[in-house]
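For what it's worth, my numbering labels the leading residue of the sequence shown as 660, then goes sequentially. Structure first, commentary second.
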Amino acid sequence: MDKTYFISQSTSLALVIIISLIFTVVGLIYSKKYQGINNYLTANRNIGFFSLTTSLIASALGAWILFGPASAATWGGIGAVIGYALGTAFPMIFLISLGKKIRTEFPKGSTLIEFLRKRFGKSLFKLILLMTVFYMFVFLCAEVTAVAILINYISGTELWITSLIILIATLAYTLYGGLRASIFTDNIQMIVIVVLLLISVFYLTSFIGDQFSFSFIKERSPHLLSASYIPNYTAGLTFFIAVAATNLFHQGNWQRVYAAKNNDVLKKSLIVAFIIIIPIVFFMGFSGLVAVSANPKVIPDLGFFSLLLSEQTEFLSLIIVILGLSLTISTVDTLVNAISSLIVVDGKATLNLNKKTNYLTLSKYFIVVLSIVAFAIASKGFSVLYLFLLADLFCCAFVLTVFYSFYNKKLNEKTAYISIIIGLIGGFLLFPAPDFSKSLLVGVILPVDIFPVFVPQSLLFLSFIVATFLPIAFWKIKGSKK
């Protein structure tokens, strides 16, 4: 029997093409008058409050918010929802003090890696650069795959069609207009996203209001709200640490730190972004709690859609398609420009090519190659969740050492390098296999049954905790020996 879709392929394809074209044309026309390397990398350091705020929010909220928080909530409970929301928003608060510090100490900079290159030697800098590019590439693959799967679920449109259109459209205006084009289109995309999310909130609270409540969840799935439900804590901490750590290494955020007109604009924008991001992500996660309470057999990734499209409403299907496209394009253009900027600024110190090499042109070729790989992954619908978790582990091992070094000048390159490697080794020993039943330490080196039940059930949580905090133990031990 043929599957019944919410809207026709022709309708969804028309939407994908029209919306992608609108953002492409707008981005190209706007950025035509803002050319030059300074505009490409930092928007000439002249972005005001509204544009900076909307860009920070739109870049942080990709298509992943339609799937991730709701999916995590179905097994991680209210703790996962809170952890996801706070983890996504936390970097905004952290960047208030750190952003001001880095702008003061390195006023002509444009990347975090550039600052770290000055702070440490080339060995550690190259390792951090590799990790950052890897994380953002995985993020790019995940975003394109997510929107392709979403449109396929709504209309049956083949994955490769959506992936190809999104990538070509985004590359067209982002590689031409750089950060200026990305921020300007983010402004429009953020307005669209807010309007569509408000429509979704209105529908869910008006038409299934009795279900969309804590009392309904408490009645149907009390464990998801229970203080004695262990995953409420482990999932909450896991998502907080992982999401916060990865976002701190997101070059798109650092570009916007440098793009702010002044420190006052930066501070106000980050505070407002923090305040707005939390309820949006919390709402998406809460929909997962309601969905699994209403139907315990719901597919976790589709928790939000199972509620919104319960009546197969064509209007709401169109809303979801436009929302998904806006979220994806706003994130993909940020990632494309962020990776490109790293090659432009830090490529020279890493690659040691001919002195006449044009690193801006080289960065564009590099982005095209990465986009072809992302297209291949997205068009096949491969799951990038495991790669994402692996990238999270990398960021966890790096995060405290890297950012502690901003405040402790005594932390030298050798100590930093060793502490990161120790964190990575500790994290890898506990990092779960693809089936999440064992890890290198638990189940391979040592049998599973010698560990408490909690350990094999919480491998992801433990691996992130160990990778994040083991470097601190190394600092303490090294410091005590002096």
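Note that the Cβ used here is the ideal one computed from N, Cα and C, for glycine as well. Here the structure is a predicted model, which means the values were calculated and not measured.
Unbroken alpha helix (DSSP H) run spanning residue i, endpoints
i: Q848; result: 818-866
i: V991; result: 973-1010
i: E970; result: Unbroken run through E970: none, as it is neither H nor E.
i: W723; result: Taken as a continuous stretch (DSSP letters only), W723 belongs to no alpha helix (DSSP H), as it is neither H nor E.
i: S885; result: Per DSSP, S885 belongs to no alpha helix (DSSP H) and is neither H nor E.
i: I934; result: 922-953
i: K1073; result: 1072-1089
i: R915; result: 910-918
i: D1051; result: 1044-1063
i: R879; result: 873-879
i: L907; result: 890-907
i: F1113; result: 1113-1116
i: I1031; result: 1018-1039
Contacting residues, own chain, Cβ-Cβ under 7 Å from residue i (five flanking each side not counted)
i: S952; result: F875, I876, R879, S880
i: V1107; result: K1097, V1101, P1115
i: L1099; result: F1087, L1088
i: L975; result: Y862, L967, L968
i: R778; result: S1064
i: D960; result: F726, S730
i: F708; result: V924, K927, S928
i: V1148; result: Because the chain is modelled from 660 through 1141, residue 1148 falls outside the range shown and cannot be assessed.
i: G868; result: none
Nearest-angstrom Cβ-Cβ length linking residue i and residue j, presumed shorter than 8 Å
i: L910; j: M795; result: Before going on, a small fix: residue 910 reads as Gln here, not Leu. Indeed, because the Cβ distance is near 7 Å, the residues count as touching under 8 Å.
i: S1030; j: L838; result: That pair is no contact at about 18 Å.
i: F1065; j: A744; result: No, F1065 and A744 are not in contact; Cβ-Cβ is about 26 Å, not under 8 Å.
i: I939; j: I724; result: 7 Å
i: T733; j: F908; result: So it is not a contact: roughly 28 Å between Cβ atoms.
i: I1026; j: S999; result: 5 Å
i: A1008; j: R776; result: 6 Å
Burial state of residue i (16 or more Cβ within 10 Å)
i: N996; result: buried
i: Y699; result: buried
i: N1067; result: exposed
i: D1051; result: buried
i: E802; result: buried
i: L1010; result: exposed
i: I1109; result: exposed
i: K662; result: exposed
i: S690; result: buried
i: A729; result: buried
i: S1042; result: exposed
i: D1005; result: buried
i: M660; result: Any reading at M660 must be qualified, since the residue scores a pLDDT of 44, below 50, and its modelled position is unreliable; the value itself is stated next. Answer is exposed; the Cβ neighbour count stays below 16.
i: L857; result: exposed
i: S782; result: exposed
i: T833; result: buried
i: Y1142; result: Residue coverage of the chain in this structure runs from 660 to 1141, which leaves residue 1142 outside it and unanswerable.
i: L680; result: exposed
i: L1105; result: exposed
i: D845; result: buried
i: P1091; result: buried
i: L789; result: exposed
i: L848; result: Residue identity differs from the one stated: residue 848 is Gln in this sequence, not Leu. It counts as buried.
i: L1059; result: buried
i: S1022; result: buried
i: G695; result: exposed
Nonlocal neighbours in the same chain, by C-beta distance under 6 Å from residue i, ignoring five residues either side
i: G727; result: none
i: V991; result: E802, T829
i: I810; result: S671, T816, T821
i: F871; result: L863, T864, V949
i: L1151; result: The structure shown has nothing for residue 1151, since the chain only spans 660 to 1141.
Sequence-distant residues of its chain with Cβ nearer than 8 Å to residue i (five each side left out)
i: F1034; result: V803, W819, S822, L823, L826
i: F1095; result: L1118, L1119
i: I842; result: A702, I706, S710, L711, S714, R915, A918
i: I772; result: F784, I787, L788, T791, Q910, L1001, V1004, D1005
i: S981; result: Sequence inspection shows Ile at residue 981; the Ser mentioned does not correspond to that position. Only L674, I678, V851, L855 meet the Cβ criterion.
| Unbroken beta strand (DSSP E) runs of length 3 or more, entirely within the region 750-814: which are they? | none
| said: At 4 residues or longer, what runs of the alpha helix (DSSP H) sit wholly inside the region 688-715? | reply: 696-701
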